[in-house]
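Asker: Below you'll find the structure I mean.
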Amino acid sequence: MKKKPFAFRISESTYQSLKRKAKRGHVTMTEFLERAITDKDIVVVDGVQELINELKAIGRNLNQLTTLANMDRINIVYLSETKAQLSDIYEKLSALCQVNR
């Protein structure tokens, strides 16, 4: 639980820069500043959101297929395209991890 307020003054340009960096890191400005001050790593990996969106879409499609199968509306599903998409996402994630090491 955070109980101690802390305030300081900065220029508008510095404020906007901090705001952009926090947004880019998908964290609040408070969390961004805490990590920066305490020497915790702040890692931003470009391109991850696109992969997350692809994985969510695949997950939604699999859930729909599962629902249809449980309702006996479909009997056979070919997932070779889904497997190829997941392999592609895995390759992209692996490449991103190598770049950020």
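Each residue of the sequence shown is one higher than the one before, starting from 1 at the first, in UniProt numbering.
Don't be surprised by glycine CBs; every beta carbon is placed ideally from N, CA and C.
What are the boundary residues of the alpha helix (DSSP H) that residue 79 is part of?
Answerer: Neither: residue 79 is in no alpha helix (DSSP H) and is coded neither H nor E.
Asker: Assuming residue 32 and residue 21 are in contact, meaning their beta carbons sit under 8 Å apart, how far apart are those beta carbons, in whole angstroms?
Answerer: 6 Å
Asker: Can you find at least 3 beta carbon pairs, one from the segment 90 to 97 and one from the segment 44 to 52, that sit closer than 8 Å?
Answerer: yes
Asker: Return the first residue and the last residue of the alpha helix (DSSP H) that residue 7 is part of.
Answerer: Counting along the chain, residue 7 falls outside any alpha helix (DSSP H), and DSSP gives it neither H nor E.
Asker: How would you write the range of the alpha helix (DSSP H) that residue 37 sits in, first residue to last?
Answerer: 29 to 37
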